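Chains as they are written, first to last, in my numbering: chain Y, 3 to 439; chain C, 243 to 473.
Ideal placement from N, C-alpha and C gives every residue a C-beta, glycine not left out.
Since this is a predicted model, take the numbers as computed values, not measurements.
A short write-up of the structure that comes next.
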């Protein structure tokens with residue numbers, strides 16, 4: 003029997019004992035979300051009351067020591083008959099030093115507290131939603147919990163309507179890699195809002211990752227990858243548009259890459275035995291009723307992105323040559339001299355670069371954080387190319403474009419296998435030739 | 243004439259006596275040294291063969307040490323270890339050869355060398371460590387500067403590397419006792435100069451901020467709108 007005292011503070015355990023049992027739990031991790039959390043809490047309560055009126059339920063808030071009155075807002079949020087449990091998850095100095103690209107610092111700690119509370123309450127299903135959501139509706143609760151309760155799914159990933167320029171790291175790396183590696187098409191593997199079965203919650207709690215960087219910064223992709231690789235039933239739920247509170251304009255993009263991409267690469271080592279056997283991918287069911295919605299236009303400075311790519315080629319090509327094939331580095335140099343209107347990042351080249359990065363990460367050719375941060379100019383180049391390509395495209399055409407990229411990741415998987423196994427024996431440019439096209 | 247012949251004969255006799263006394267020692271010394279060279283070559287080949295089968299280079303690559311060692315001119319750890327063994331055998335052979343020549347001289351020299359060796363080892367460690375740290379920090383600065391769209395990224399990285407290496411060299415020279423006062427004084431001057439330059443640059447850049455702050459402190463607060471008489 004696991005010792006709950008190690009995770010939850012005594013006052014939280016008392017409250018859990020008071021509540022006794024809850025079949026459904028909605029968890030809301032928070033940190034300085036006073037502006038938006040009231041709406042999220044009301045939406046959660048309304049969703050539970052409307053769609054699961056005869057089921058015992060609770061809303062859990064795990065806060066990381068907010069200083070803007072978030073906990074007061076939560077305490078005064080009207081929840082009707084729904085039980086409220088408030089927990090403070092531990093926030094270490096490291097959580098405050100490096101903020102996640104999205105979401106709250108110490109999100110892994112928050113999830114651990116929520117999951118542990120849900121397990122103690124005997125919850126059959128648990129939904130977790132971000133505290134800074136502005137577009138959450140009561141229907142989200144039904145869409146995240148319904149497939150678990152009614153159809154026996156273990157993991158419900160979100161499916162959002164997003165602007166074609168939004169979520170580029172998901173579109174360029176995380177989605178196609180998850181699909182190619184593990185054979186499962188989850189469109190938003192790092193969505194942030196999930197539904198889970200009690201069984202999956204218990205499995206997550208058994209894992210020994212909660213004190214690591216994976217849990218600190220990559221909890222979303224970790225949860226998706228673990229659910230996929232350990233054979234749990236997965237589906238997606240259409241939630242419409244996802245609108246957050248305004249992002250911090252000073253947030254560092256390279257931090258985002260290190261957190262997300264670093265976690266993806268780390269998980270490749272954990273689940274090597276899984277992805278090395280997967281040959282093709284299959285779709286996952288999508289719940290809910292897909293509908294169109296107007297999205298606010300997004301301004302993108304393509305010239306600046308291409309400029310960052312060119313600067314990267316000028317200063318970092320030598321570093322890239324430690325991990326990439328010399329022919330690919332030469333191609334990147336040639337791309338840097340193209341005029342902006344002719345700038346295009348070939349899919350196969352991008353796929354090879356990402357796979358080479360993964361192999362170099364695995365073999366620790368250079369410091370891992372240096373390796374990922376140094377790839378930011380390459381990512382900027384891909385985004386600039388993508389934006390120019392789809393500038394005049396509608397949603398269907400953009401989907402087709404991204405489908406082509408995802409297929410390229412699947413088709414080049416043999417290159418990844420070859421490089422992964424034989425990397426130390428034959429560094430880039432030497433030994434076995436790469437299957438270039 | 244007889245006297246000159248006698249002197250020359252005596253001189254030649256002394257020379258011959260000394261030569262025949264020293265010659266065996268010299269020949270023994272050369273033989274020991276030659277054996278040392280041959281032994282060193284044999285041990286090097288054996289070490290190369292034995293260490294290659296242990297995948298030492300692959301392990302170093304996995305730890306990310308390869309590029310740092312390449313900077314020091316080391317392309318292979320296996321070759322480095324084998325060369326180190328050869329150098330150790332040659333050194334030992336040289337000392338034995340000296341003992342064969344003159345035990346007292348060799349003893350003095352050996353004592354000085356062995357007393358100095360720890361300083362040399364520490365200095366090499368400091369230089370090696372400094373090289374690795376310089377490379378790591380300059381790479382960190384380069385990547386951060388490129389991602390922050392700073393044009394002088396390579397210049398900043400270069401300054402970082404040179405700065406760290408200067409510190410490492412100063413520490414190494416201090417350990418070796420080479421021009422200790424000169425090195426310390428030069429380091430203090432350079433470091434002090436850099437600090438002064440940075441302070442002046444920061445001061446010039448922030449003069450508006452400081453001026454505004456001082457003015458806020460010295461300006462009396464606006465008259466209160468409150469109408470209450472407290473007495």
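- Considering only Y:42, Y:48, Y:133, the residue with the shortest C-alpha distance to residue 34 of chain Y is Y:133.
- Any Cβ of chain C closer than 8 angstroms to the Cβ of residue 278 of chain Y would place that residue at the interface, and such an atom is absent.
- For residue 198 of chain Y, there is no enclosing alpha helix (DSSP H); the residue is found in the beta strand (DSSP E) stretching over 196–199.
- When only Cα atoms are considered, residue 437 of chain C and residue 367 of chain C end up about 28 angstroms apart.
- Residue 222 of chain Y is a Cβ neighbour of residue 193 of chain Y, given a cutoff of 8 angstroms.
- Neighbourhood of residue 389 of chain C in chain Y, by CB distance below 7 angstroms: 256, 375, 378, in chain order.
- If you look at residue 160 of chain Y, you'll find it in the beta strand (DSSP E) that goes 157–163.
- Around the Cβ of residue 254 of chain C, a 10 Å sphere holds fewer than 16 other Cβ atoms; the residue is exposed.
- Spatial neighbours of residue 178 of chain Y in its own chain (CB-CB distance under 6 angstroms, excluding positions within 5 residues in sequence) are listed in chain order as 407, 408, 411.
- With contacts defined as CB atoms closer than 8 angstroms, residue 400 of chain Y and residue 52 of chain Y fail to qualify as a contacting pair.
- Only those residues of the stretch 420–434 of chain C whose C-beta falls short of 8 angstroms from the nearest C-beta of chain Y would be listed, and there are none.
- Residue 110 of chain Y sits close to residue 218 of chain Y, with the two beta carbons spaced by under 8 angstroms.
- The way I'd put it, the stretch 146–158 of chain Y does touch the stretch 233–247 of chain Y; three or more beta-carbon pairs between them come closer than 8 angstroms.
- Near chain C, meaning a CB-to-CB distance below 7 angstroms, the residues of the stretch 295–318 of chain Y are 310, 313, 314, 317, 318.
- At least one beta carbon of chain Y lies nearer than 8 angstroms to the beta carbon of residue 384 of chain C.
- Of the residues assessed, residue 173 of chain Y falls on the buried side of the cut-off, its CB having 16 or more other CB atoms within 10 angstroms.
- Distance from the CA of residue 317 of chain Y to the CA of residue 454 of chain C, rounded to the nearest whole angstrom, comes to 39 angstroms.
- Not flagged as an interface residue toward chain Y: residue 454 of chain C, since no C-beta distance is shorter than 8 angstroms.
- Only 365, 366, 367, 368, 369, 372 from the stretch 349–374 of chain Y bring a Cβ to less than 8 angstroms from some Cβ of chain C.
- Shown here, residue 149 of chain Y sits in a helix according to DSSP, grouped into three states.
- Judged by DSSP in its simplified three-state form, residue 307 of chain Y adopts helix.
- Chain-ordered, the chain Y residues with CB closer than 9 angstroms to the CB of residue 378 of chain C read 369, 372.
- Nearest neighbour of residue 181 of chain Y by Cα position, chosen from Y:404, Y:423, Y:121, turns out to be Y:404.
- Just so you know, the alpha carbons of residue 369 of chain C and residue 410 of chain C end up roughly 6 angstroms apart.
- Minimum Cα-Cα distance from residue 331 of chain C among the listed residues C:426, C:259, C:283 corresponds to C:283.
- Distance check between residue 128 of chain Y and each of Y:261, Y:142, Y:135 places Y:142 closest, using alpha-carbon atoms only.
- Comparing alpha carbon positions, the residue from Y:226, Y:240, Y:285 closest to residue 273 of chain Y is Y:226.
- DSSP, reduced to helix, strand and coil, places residue 401 of chain C within a helical segment of the structure shown.
- Rounded to the nearest whole angstrom, the C-alpha separation of residue 397 of chain Y and residue 294 of chain Y is 10 angstroms.
- Residue 138 of chain Y and residue 245 of chain Y have their alpha carbons spaced roughly 8 angstroms apart.
- Cβ proximity to chain Y below 7 angstroms picks out 391, 395, 396 from the stretch 391–403 of chain C.
- Residue 24 of chain Y places its beta carbon less than 8 angstroms from that of residue 60 of chain Y.
- For residue 381 of chain C, at least one C-beta of chain Y is nearer than 8 angstroms to its own C-beta.
- Nearest to residue 39 of chain Y by C-alpha distance, out of Y:163, Y:78, Y:55, is Y:78.
- For residue 239 of chain Y, the three-state secondary structure derived from DSSP is strand.
- With fewer than three CB-CB distances shorter than 8 angstroms, the stretch 322–341 of chain C does not count as touching the stretch 376–389 of chain C.
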